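Residues in the sequence shown are numbered from 3 upward in steps of one, following this note's numbering. A virtual CB, placed ideally from N, CA and C, is assigned to each residue, including glycine. Remember, predicted model here, so these are calculated numbers, not experimental data. So the structure is just underneath, and the comments pick up after that.
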Amino acid sequence: MMFLLKKGQPWVYGCLCCLLIACQKTDTKTLFTSIPVSQSKVDFSNVLTETEDLNIIEYLYYYNGGGVAAGDVNGDGLPDLFFTANQGANKLYVNQGGLRFKDVTAAAGIQQNGGWSTGVTMADVNGDGALDIYVCQVGQYKTLRGKNQLYINDGKGNFSEQAAKYGLDFVGFSTQAAFFDYDRDGNLDCYLLNHSIHDAENYSRADIRNTRDALSGDRLLRNNGDIFEDVSVAAGIYGSKIGFGLGIAIGDLNNDGWPDIYVSNDFHENDYLYYNRGDGTFVESITTSMGHTSTFSMGNDLADINNDGWLDVVTMDMKPNDEVVNKSSVGADPYNIYQTKLSYGYHYQYPRNMLQLNRGVVSGQTNPSFSEIGHLAGINASDWSWAPLLSDFDNDGWKDLFIGNGIWRRPNDLDYLKFISNSTVQRSASNQVLTEKMPLGKVANFAYRNRGDLTFEDVSAAWGLNFEGCSNGAAYADLDRDGDLDLILNNLNEPASIFENQAQTKPNQHWLQITLSTPGKNTLAFGARVRIVVDGREQIQELYSTRGFQSAVEPLLHFGLGTSKKVELLEIRWPDGKIQQLKNLPANQRLTINYQDITPSEKPLPQALIADHTDQSGLNFIHRENEHIDFDHEQLMPHMLSTQGPALAVGDVDGNGLEDVLIGGRQVFLYRQLAKGKFTGQDLLLDPQGEMVDAAFFDADLDGDLDVYLVTGGHEYTGKNPALLDVLLINDGKGKFTQNSRALPQDYADGSCVVPLDFNQDGALDLFVGSRSIFSSYGLIPPSYLYQNDGKGHFTEVSAQVAPELQKLGMVSAACTIQQAEDLQLVVVGEWMPVSIFTIQKGKLNLSQIPNSEGWWNTVAIADYDQDGKPDLLLGNLGLNSELKASPEQPVELFVKDFDQNYQTDPILAYFKQGRRYTYMNKDELTSQLTILKKQFLEYRPFAECGFEQVFSAEMLKGAVQHRAITFASSWGKYLGNGQYALTALPMEAQFAPIFNFTQADLDGDGQKEILSVGNWHGIRPSLGRYDADYGCVLTRKGKKWTAMNPAQSGFWVNGQGRKLATLADGSVLVARNNLGLMIWGK
């Protein structure tokens, strides 16, 4: 989880954990009420006593705290509670009703061996129908000599410790265990999650994960009926010392009926995503299923947050939501370290909470892919977060999210790390002195209400869960049997907390609870999936107890039903795959359902509308992006601009009636279509000077065939470099092209787009050519151009006479023409630009702009979105899945100036957090380029406490080029008439990542065209994280509403960075991707 510096050692990664909650008086109007100890009689506290020999310096997980498990251990129908302590006694409390509990630890036979206990879970391990308790401990580390414990229940709540008998008495660095039947033989097996300690050998290439370790590294233990056997190697489970395991979740992620495994690993090691092959083995697939993950990955949970029938994944990290704490703490890796980790074989990782939305399995694939939407959902930063729990706490039918929070002391505080790195301090300070220098880290827990639209609302205060403290373990259970889920927290150095949920007091908020029973030894049906249908809407849940962080929830399934009073269908997929159904069940009851031997039902797979036909087409072009790191030249730019290609254009170049395809970057290929859907390729330019980023077919010389204009870009060249000159290729009528180097003005520009148009109505197509940037001067505005055609294919630059605004229009990314009833319009968009509309009248271009439309626009296209007969605009923006949020009241801003007068411009990004404007870059990032700030800010905390105005005064900003963005939503622009448009955001699925292109095609044959888009952007600074959540979006119109089509239904599935789209006459769709192959999709 973080950086620690131990006396006499170099800087080293270290990791910690904690959560929060202080029992305070709670507003009775809140959803949850804190139950005082005087009422609950739960007097457990996990209190730590730090010594010189045992502390956060000596044991990096010293503040990770304990766990809590809930379940009915004595058979009276009420869930009981078990708490683990690190230095004190573990305790068992039986529920006596009325939210009162009794400590029965000693009477129940729970032993105290003095071990450092961590996680706890409950399961019927021996298959006798009673919940047993499994406790993890730390052993063989310094003075810690614990070993894992298994308490077997006699059915009456009396326990005997029998870990050795069952082969579960592991000694090492255990975090938590999860019991599940991975081979579906009827016995519960065990995944043992272990953590590690810092060792110099841990910081090496990723293939070290193949070397097993005796104390660290996870274990898969198969239940052979009377003893557990370690089958990790044979099953394909990693078990090395770089496995810093902090979270374990079990669930069927690919919907094949077999339980899969998700493991959260702290520090540089990847999280593990194990898909169950169904033959006793697993395949680890994190890098192919998820674009990126949390860096310091901690607790996790699985649940279906959007009710689409696929389990999603949430993981916790340590990013503070408070900007002062955020800028005072270690954050994302610098770009060079980030790249080094990638080169060592580790996956893309960023230090923030992640919400991985399961997009399902598309035809031809075995496993699903996930879109990480934590920023869009609004749950990405909750500080030092341990325990996420996804469940429906307000009974409205949608899974909400609770997060337990807090670290007792912050070892990642930058001023602390600076202090402890001093050689004098290293020599003289004791561990306790060093520890006391760490800032305290008690913070509030978070509760997020699921809005049902892939976003969450922070209701921590409204629900009464925003108490400050350190809450590590967390569990939910219906403690008072009133039809809602209560919360139990294991807090560090404070009494445990119980929060009573009062959702049942809300009118028209109904519920259904289900417990399951099966014959054999998996008596509670761990692994069963229940699907319900309520008013035509579906929900799913799977039954496992281990969830969150070091904890286990009550083994029952709780469904919120909202206003519905009846469940139309309840379907159980039992652990063996058999299906059982019940219908028309009244709400507000708890059902116990016994297994029935029913023949499995076969569900037909959805038939995809289109499929990938690339392999059969002959379109074998692969775009190769050259290695160029923009940040080496411009440290403060938010993203790289050198990955905007390839160019793509479609047209019949040889007159055979079939469209041909031009595509290229540093190489340009022409693919001629010789027969329908069959292409053959040839080099058009073997060695072009520059990198092609856009292209357009048009008849430049009025000879009746298609010539081609190629735009050079790439943000790599400056001055009068020939690589900045665009190219015009003239067609001989048979598809053979020659370059006319004298036809174009000598405008050296970092281009972005080209649009043919006849602005003066002389019958010859002229050209608008947009420019995106100036190399090494991000934020300065390059000129864009209007080239007038003399009718013979020679062009003259005329923007000064015809459209002078083009010379300072902005950082143009794309443009299109649109014919309205009144006039032809040229629509131009770009980064930091408003949507700009040039109305063409009498050979002049008159500029207007859509109000409040400044954004980071990447593309613009035409579609009659509202089907009123008037063409509207489709506009691809950054999207809403970013840390940067923009509005008219709180814009994202850029100030560009040579602040330190070193002949290099400095682009300063500003944004709002908690209503205050800050520099986006942190102290180290700013002072590495602006040395004038180093003397002003010697320490991190004073800088973090400064708003933007305290860092950059009004005097300093004089003369700066200023930009702002007030919307990042990809949108459609409704045409209002008289040249005016109004913007409305596209559906949420179109906001997952930056959109770079649109096209339209009738995929389902209903006569109405769907809208397709592609995007993603990987060249992003690590603090923002790469945008990779888009796999292509298909919007279809149902009635008067556009909705996103499920990928399994559409079949459209594009990985990587989509850059261009085109639809052929036969309805096939071309996709050009940066640094990947060209694709063609069709029926």
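Under the DSSP assignment, Ala987 falls in the beta strand (DSSP E) whose first and last residues are Gln982 to Ala987. With a beta-carbon spacing of about 22 Å, Phe777 and Tyr711 fall beyond the 8 Å limit used to define contacts.
Per DSSP, the beta bridge partners of Asp232 are Leu223.
Tyr1033: not part of any alpha helix (DSSP H); DSSP gives it neither H nor E. In the DSSP assignment, Ser42 falls within the alpha helix (DSSP H) that extends over Val39 to Ser42. The beta carbon of Asp1032 is closer than 6 Å to those of Phe994, Ala995, Gly1017 and Asn1018 in its chain, skipping five residues each way along the sequence. Look at the beta carbons and you see the segment 350 to 364 touching the segment 289 to 301: at least three pairs across the two are nearer than 8 Å.
Distances from the alpha-carbon of Phe34 to those of Ile490, Val963 and Asn115 put Ile490 closest. Where Asp460 is concerned, the enclosing beta strand (DSSP E) starts and stops at Phe458 to Asp460.
In this structure, Phe448 is the residue among Asn309, Phe448, Ser566 and Leu481 with its C-alpha nearest to the C-alpha of Gly466. Among the bridge pairs identified by DSSP, Ala180 is matched with Tyr193. Here Met124 has Ala71, Gly73, Leu133, Ile135, Ser547 and Ala554 as same chain residues with Cβ atoms under 6 Å from its own Cβ, once five neighbours each way along the sequence are excluded.
With contacts defined by Cβ atoms closer than 9 Å, Leu1063 and Leu988 do not form a contacting pair. Judged by their CB atoms, Asp201 and Lys144 are not nearer to each other than the 9 Å cut-off. The Cβ-Cβ distance between Gly679 and Gly1084 falls below 9 Å. A residue is called buried once 16 or more other Cβ atoms fall within 10 Å of its Cβ, and Ile500 is buried on that count. Of Asp870, Leu56 and Asn150, the smallest CA-CA separation from Gln164 is found for Asn150.
Contact check between the segment 337 to 351 and the segment 959 to 969: fewer than three CB pairs, one atom from each, fall below 8 Å, which does not count as touching. Within its own chain, the residues whose Cβ lies closer than 6 Å to the Cβ of Gln515, once the five positions on either side in sequence are excluded, are Leu558, His560 and Arg592, listed in chain order. Looking from the CA of Ile732, the closest CA among Gln741, Ala725 and Pro724 belongs to Gln741. Nearest neighbour of Ile612 by Cα position, chosen from Ile1082, Gly772, Thr645 and Ser119, turns out to be Ile1082.
DSSP places Asp126 in no alpha helix (DSSP H); its state is neither H nor E. Across the set Asn860, Arg102, Thr525 and Asp209, the C-alpha of Thr525 shows the shortest separation from the C-alpha of Asn189. Only buried fits Asp183, as 16 or more other CB atoms lie within 10 angstroms of its CB. For the alpha helix (DSSP H) assignment, the uninterrupted runs of no fewer than 4 residues enclosed by the segment 940 to 1019 are, from N- to C-terminal side, 942 to 946, 950 to 953 and 956 to 959. The segment 766 to 785 and the segment 855 to 865 do not touch, with fewer than three beta-carbon pairs separated by less than 8 Å. Counting only residues of its own chain and dropping the five nearest sequence neighbours on each side, Gln543 has a CB closer than 6 Å to the CB of Val532 and Leu559. For Gln790, there is no enclosing alpha helix (DSSP H); the enclosing beta strand (DSSP E) has its first and last residue at Tyr787 to Asn791. Here the alpha carbons of Arg224 and Gly131 stand approximately 20 Å from one another. Looking at the DSSP output, His560 sits in a beta bridge with Gln515.
Pairing Asp734 with Asp707, the inter-Cα distance amounts to about 8 Å. Around the beta carbon of Gly538, fewer than 16 other beta carbons lie within 10 angstroms, which makes this residue exposed. Excluding residues up to 5 positions away in sequence, Thr921 lie with their Cβ nearer than 6 Å to the Cβ of Val953 in the same chain. Taking the Cα of Asp281 as reference, the smallest distance to any Cα among Gly259, Ser206, Thr507 and Thr841 is reached at Gly259. Contact check for Tyr277 and Val285: beta-carbon distance about 5 Å, within the 8 Å limit, so the pair qualifies. Within the DSSP bridge table, the entry for Asp303 names Val316 as partners.
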